[in-house]
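A short worksheet on the structure shown next.
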Amino acid sequence: MPEIFINGQPVQAGKDQTVLQAALAAGIYIPYFCWHPHLSVAGNCRVCMVEVEDGKGGGWTDIACNMPVTEGMRVLTDSETVRAQRKSVLQFITLNHPVDCGVCDKAGECMLQDQYYEYNGEPRASRDPKVHATKFHPLSERIVLDNERCIFCSRCVRFTREISKSHALAIKLRADESLVRASEDGALDRDPYSDNIVDICPVGALLSKQFLYKSRVWYLKPTPSVCPGCERGCRVNLWHRREEWRLRALDPRQNEAIERVTPLENTEVNGPWICNKARDLTQVFQRARAEQAMTKGQPVGLDAALATAAALISAAKRPVALVSSWGSNEELAAFKQALGGRFTAFVKRDCQPQPGEVVEDDILIRADKNPNTAGARALFGDAPVAFPDGTDLVLVWGEGCNFGELPRGAKIVFLNAWLAPENGHADVFIPVSLQTERSGHYTNFQGVVSAFAACFPKKAAVADAEAVFAALGTKAGVPA
Ligand code: SF4
Ligand code: SF4
477 MPEIFINGQP VQAGKDQTVL QAALAAGIYI PYFCWHPHLS VAGNCRVCMV
527 EVEDGKGGGW TDIACNMPVT EGMRVLTDSE TVRAQRKSVL QFITLNHPVD
577 CGVCDKAGEC MLQDQYYEYN GEPRASRDPK VHATKFHPLS ERIVLDNERC
627 IFCSRCVRFT REISKSHALA IKLRADESLV RASEDGALDR DPYSDNIVDI
677 CPVGALLSKQ FLYKSRVWYL KPTPSVCPGC ERGCRVNLWH RREEWRLRAL
727 DPRQNEAIER VTPLENTEVN GPWICNKARD LTQVFQRARA EQAMTKGQPV
777 GLDAALATAA ALISAAKRPV ALVSSWGSNE ELAAFKQALG GRFTAFVKRD
827 CQPQPGEVVE DDILIRADKN PNTAGARALF GDAPVAFPDG TDLVLVWGEG
877 CNFGELPRGA KIVFLNAWLA PENGHADVFI PVSLQTERSG HYTNFQGVVS
927 AFAACFPKKA AVADAEAVFA ALGTKAGVPA
């Protein structure tokens with residue numbers, strides 16, 4: 477391992493590392509815009525400039541992102557020369573940039589904003605008027621581009637070539653006429669990973685239409701979670717309003733809304749990327765909720781619903797359960813412990829691929845659109861659903877069951893989180909909590925177990941499935 481010296485401090489670098497990588501690994505920050513740890517080196521923003529000492533009182537400056545380490549190398553990351561060069565780079569980058577941080581969605585997370593304050597801090601170098609460009613160019617149905625804010629780092633273009641492989645973007649024209657554009661009409665719409673470019677754009681040039689002007693990022697906080705969109709189980713951050721910024725006068729429903737979804741970087745499952753389906757969880761979690769327990773479509777209290785369900789379970793001769801592949805490992809274990817001895821259980825696929833959705837690819841997206849099929853099968857096996865003759869009760873947990881296909885005459889106990897016509901058709905309906913209201917774990921198809929945490933407290937009128945199973949087991953007198 478080569479030893480190099482950064483600002484006089486000895487650093488053990490990896491043999492194939494660049495100076496930028498070695499410095500960051502040692503906790504020494506060098507600013508960068510175009511460099512990204514998961515993309516090829518472009519070396520075009522020039523802001524990672526460092527000074528290399530030649531050992532004879534002289535030296536030279538060069539970009540750290542493209543400079544391999546060599547034994548004994550001596551690098552200065554914050555010398556007067558370096559600061560002066562970075563200031564020039566920042567002046568150049570902001571020559572035609574609007575610096576409109578006050579109205580920019582990226583404010584608070586913008587690398588340019590941070591470096592502008594650190595290294596520039598002076599009036600614009602040119603007396604010529606700024607060159608203006610398109611402010612709202614629709615790059616796709618999901619993403620809008622502010623050309624004036626683009627610093628041509630090419631991260632977005634490299635992402636579509638190297639990661640999503642859609643080749644959907646390119647930079648056209650030259651100099652101050654340069655523009656990022658779709659390589660052909662609709663190209664970015666066909667990329668199911670397109671929204672990652674909003675995250676990796678180092679400035680506020682690429683903006684998510686879904687999130688545009690919805691909130692300032694400092695009003696929000698991320699809760700670590702797992703995308704339930706398929707059996708990959710990508711780790712995500714669910715962003716929602718901070719307690720101290722709760723809305724009281726405006727629409728208070730926003731206090732319990734997921735405002736945006738971003739990747740939670742990890743090495744085992746999804747690295748730093750997610751597909752667009754995870755971004756759309758903002759709408760999924762906004763679906764109308766079931767908040768009323770019912771027996772035969774008539775509203776009853778939760779306790780009364782539980783008592784009726786327990787009586788049906790006690791009386792049943794051949795009860796079958798369709799357990800949810802959206803249930804957490806904890807909920808599945810609770811079902812097994814409380815009711816597993818009473819029911820013949822099958823794992824149900826709650827969700828199927830939707831029309832127009834990418835069913836499967838060789839990047840992240842998996843054909844099974846449920847987050848915990850593996851966890852459920854580990855406890856209940858993988859036999860296809862088959863109702864034994866004489867089935868007289870079916871406990872349906874979660875979506876994806878066609879009541880018309882259940883054995884005729886069988887009683888139905890239904891647990892669901894969403895408002896749905898089937899709720900009123902069950903003999904007993906029990907509304908249950910959502911992933912955003914409880915914590916737990918899912919096991920993905922590779923056997924990796926990932927945790928999710930609660931974003932909001934559970935609604936008073938709904939129950940946690942874990943508690944429902946424990947109560948039903950006790951009330952129905954099922955031996956533990
Ligand atoms: S849009 Fe953003 S990511 Fe793409 S080149 Fe411009 S600054 Fe870079
Ligand atoms: S690949 Fe699957 S788990 Fe990952 S973000 Fe997309 S839908 Fe969610």
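Heads up, the sequence shown is in the working numbering, so the first residue is 477 and it goes up one at a time. By construction, the Cβ of each residue, glycine as well, lies at the ideal position given by its N, Cα and C atoms. All values derive from a computational prediction rather than experimental measurement.
In this structure, L682 has its beta carbon less than 6 Å from a heavy atom of ligand 1. Three or more beta-carbon pairs drawn from the stretch 737-749 and the stretch 697-714 are found closer than 8 Å, and the two stretches are therefore classed as touching. As for any alpha helix (DSSP H) of minimum length 4 sitting wholly inside the stretch 885-952, the runs are 941-951, ordered along the chain. Between ligand 1 and the CB of C626, the shortest heavy atom gap is smaller than 6 Å. The closest heavy atom of ligand 1 lies 6 Å or more from the beta carbon of R634. V938 places its beta carbon 7 Å or farther from that of A781.
For N846 against S801, the beta-carbon gap comes to about 4 Å, under 8 Å, which counts as contact.
When the Cα atoms are used, D554 and L496 turn out to be separated by approximately 13 Å. Looking at the DSSP output, G747 shares a beta bridge with N742. In the DSSP assignment, D779 falls within the unbroken alpha helix (DSSP H) covering 778-791. S926 and H643 have their C-alpha atoms some 32 Å from each other. Close CB contacts of C521 within its chain, under the 6 Å cut and outside five residues either way in sequence, are with F509, C510, C629 (chain order). With contacts defined by Cβ atoms closer than 7 Å, F687 and T912 do not form a contacting pair. If you compare the alpha carbons of V517, A560, H514, I734 with that of V526, the shortest gap goes to A560. Here the alpha carbons of L815 and H613 stand approximately 56 Å from one another. Comparing C-alpha distances from V702 to each of P513, W749, P829 shows the shortest one belongs to W749.
If you draw a 10 Å sphere on the C-beta of R722, you find fewer than 16 other C-beta atoms in it, and that means exposed. With fewer than 16 other beta carbons inside 10 angstroms of its own, L895 counts as exposed. Assignment of M549 by DSSP, reduced to helix, strand and coil, places it in the coil class. The DSSP-derived three-state label of T867 is coil. For ligand 2, a non-hydrogen atom lies closer than 6 Å to the CB of I841. Membership of L798 in the beta strand (DSSP E) is indicated by the continuous run 795-800. Shortest Cα-Cα distance from Y505 to any of P605, F932, M587 involves M587. In this structure, Y592 lies near L566, with their beta-carbon atoms less than 7 Å apart. With at least 16 other beta carbons inside 10 angstroms of its own, T919 counts as buried.
Boundaries cannot be given for A766, as no alpha helix (DSSP H) includes it and DSSP labels it neither H nor E. Residue A791 holds the alpha-carbon nearest to the alpha-carbon of F819 among T557, N672, P829, A791. Remark: the shortest separation between the CB of V679 and any heavy atom of ligand 1 falls under 6 Å. Short note on G851: C-beta not closer than 6 Å to any heavy atom of ligand 2. The C-beta of A810 has 16 or more other C-beta atoms within 10 Å across all chains shown, which makes the residue buried. With 16 or more other CB atoms across the displayed protein chains lying within 10 angstroms of its CB, T636 is buried. The beta carbon of R736 sits closer than 6 Å to those of F687, W715, all from its chain and outside the five residues before and after it, given in chain order. When the Cα atoms are used, G503 and A540 turn out to be separated by approximately 15 Å. When DSSP states are grouped into helix, strand and coil, G851 belongs to the helix group. By the C-beta density criterion, P728 is exposed, having fewer than 16 other C-beta atoms within 10 angstroms. Around the beta-carbon of K772, fewer than 16 other beta-carbon atoms lie within 10 Å, marking it exposed.
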